[in-house]
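*Asks:*
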Amino acid sequence: TTAVATGMQELLEELVVAHRPRGPVGSVPASIPHLGRVEPTSFGIAVATVGGDVYAAGDSDVPFSIQSISKVFSLALALRQDSANTLWRRVLREPSGTAFNSLVQLEAESGIPRNPFINAGALVVTDVLQEQRGDARGQVLAFVQALSGSSEPAIDGAAAAGELERSSRNLALANFLADFGNLRCDVRQVVEHYVGHCSITMSCRDLARAGTFLADGGRVGPWAGEPWSALTAEQTRRINSIMLTCGLYDAAGEFAYRVGLPGKSGVGGGIMAVAPGRGTVCVWSPGLDAKGNSVAGAAALADLSSHLGWSVF
Ligand code: GLN
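What follows is the structure in structure tokens.
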């Protein structure tokens with residue numbers, strides 16, 4: 002469906018009608034039983050512009066599990082605090098072309114993960130946060146609350162506990178990293194904090210607000226209080242480049258082709274996309290494709306970006 006709306010609010014309403022699933026589509030991850038309880042026809046979308054306007058439609062105020070979208074915020078926070086500039090010695094910036102939880106490249110790369118958005122790389126980032134200030138998951142939560150100007154973002158303890166019980170794969174990745182000396186804190190604690198920040202729940206509206214610094218050279222939106230910068234303009238450009246090349250794992254190329262924006266997905270069905278200089282879009286619908294990305298969410302973003310001409314290309 003190609004939208005014909007003229008205004009942003011009208012466009013979002015049309016996208017909800019066009020893309021809200023009429024029944025279950027795709028799959029939900031078996032490793033996080035909690036996510037199977039979400040209404041499969043949920044669909045929400047929100048746009049927060051660099052000018053400070055927020056548009057939202059559908060289930061845009063329903064909190065959902067942000068999962069891997071949290072990896073953008075943990076990376077931003079680690080870079081913010083990385084005065085000694087050590088992070089990039091511990092994680093690369095190359096797309097992996099493999100599944101988000103893959104182990105295969107770690108041995109060839111001597112325990113240096115291909116990028117910070119696959120699980121191996123995100124575990125290293127969580128370790129850095131834990132090493133810097135302790136309570137990594139609490140740091141990420143406080144950061145997204147500050148960025149969105151909302152106290153609603155919370156950690157879903159039940160989802161985290163359920164995932165932790167089935168964390169053999171993430172524990173394997175973490176142990177492997179530790180064996181190469183690329184995990185400094187206690188292995189189990191790092192996985193716990195990683196799963197904890199993945200289990201943050203947020204609405205599309207709050208997530209779009211929290212992400213506008215990525216569209217605005219690091220500057221936060223007016224909802225985040227007195228003006229401050231989450232990152233420098235240069236750091237922000239670089240995070241966007243990593244989102245474009247690695248944000249949707251082994252579907253990053255396809256997403257760049259269809260949507261043309263830096264994006265980050267999570268297995269909770271959310272996708273955050275950044276239109277530099279314009280705004281940040283968050284879409285959510287729980288049904289996933291084989292690579293762990295929201296089916297309806299990606300389709301709606303493709304429609305939105307083509308309608309608005311927001312592609313970075
Ligand atoms: N917590 C999930 C995991 O570690 C996050 C994965 C994702 O959203 N792609 O498997």
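Heads up: the sequence shown is residues 2 to 314, going by UniProt numbering. Idealized CB from N, CA, C, for every residue including glycine.
(1) For the ligand GLN, I want to know if GLN190 counts as a neighbour, meaning its beta carbon is within less than 7 Å of at least one of the ligand's heavy atoms.
(2) Does GLY280 come out as helix, strand or coil in the three-state DSSP assignment?
(3) Which residues in the same chain have their Cβ closer than 6 Å to the Cβ of THR2, if we skip the five residues on either side of it in sequence?
(4) Per the DSSP calculation, TRP229 is bridged to which residue(s)?
(5) I'd like to know if the segment 54 to 63 and the segment 287 to 296 are in contact, where contact means that at least 3 CB-CB pairs between them fall below 8 Å.
(6) Following the continuous alpha helix (DSSP H) through TYR250, name the residue where it begins and the one where it ends.
(7) Take ALA300 and list the residues in its own chain whose beta-carbon comes closer than 7 Å to its own, dropping the five residues that flank it on each side.
(8) Output needed for ALA159: all residues of its chain with C-beta closer than 7 Å, excluding positions within five of it in sequence on either side, in chain order.
(9) Identify every residue that forms a DSSP beta bridge with TYR195.
(10) So THR127 is in the alpha helix (DSSP H); what residue range does that whole segment cover?
(11) For PHE65, list the residues DSSP reports as bridge partners.
(12) Three-state secondary structure (DSSP) at TRP224?
(13) Short of 6 Å in beta carbon distance, which residues of its chain neighbour SER307, apart from the five on each side in sequence? Order them along the chain.
*Replies:* So, from the data block:
(1) no
(2) strand
(3) Low confidence applies to THR2: its pLDDT is 45, below 50, so where it sits in the model is not reliable enough to give any reading.
(4) Partner(s): none; TRP229 has no beta bridge.
(5) no
(6) Here TYR250 belongs to no alpha helix (DSSP H), and DSSP marks it neither H nor E.
(7) HIS20
(8) HIS35
(9) BP columns for TYR195 are empty, so no partner.
(10) 120 to 134
(11) MET203
(12) helix
(13) none
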